[in-house]
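First residue of the sequence shown? That's 1 in the numbering used here, and the numbers climb one at a time after it.
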Amino acid sequence: MELYLKYILLFIEATWMITVLSLVAGGVGVTFLPANAQNLQRTGVVYRPIQGKNLTRPIAAVWRSDDISVILQNFLQVIKDVVGAEITD
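Here it is, written out as structure tokens:
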């Protein structure tokens, strides 16, 4: 896990999903949200289901559609490695 910690630059906690989505839409990172957050469509935001062996609740990874950053790729790799999940289209 230490390998991935060097890529975390900022941690913001918010109460409302719409706030988190607004931060992502504004280019302030990526997030995990319950899968039903996909009903709150935001322009330029990508929603991808995450399927893993031990998930007890459907969740989705969320990022800007134009984000091609190394940080995003590392975040998605952490999901795959730590959660044992697949990210599907």
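In this text, a Cβ means the ideal position worked out from N, Cα and C, and glycines have one as well.
The beta carbon of LYS80 lies closer than 8 angstroms to those of GLU86, ILE87 in the same chain, with the five residues before and after it left out.
DSSP lists no bridge partner for ALA25.
Each of ALA60, ILE12, GLN73, THR56 was checked against the Cα of ASN39, and the nearest Cα belongs to ALA60. When DSSP states are grouped into helix, strand and coil, ILE68 belongs to the coil group. Between the C-alpha atoms of TRP16 and GLY27 there is a straight-line separation of about 17 angstroms.
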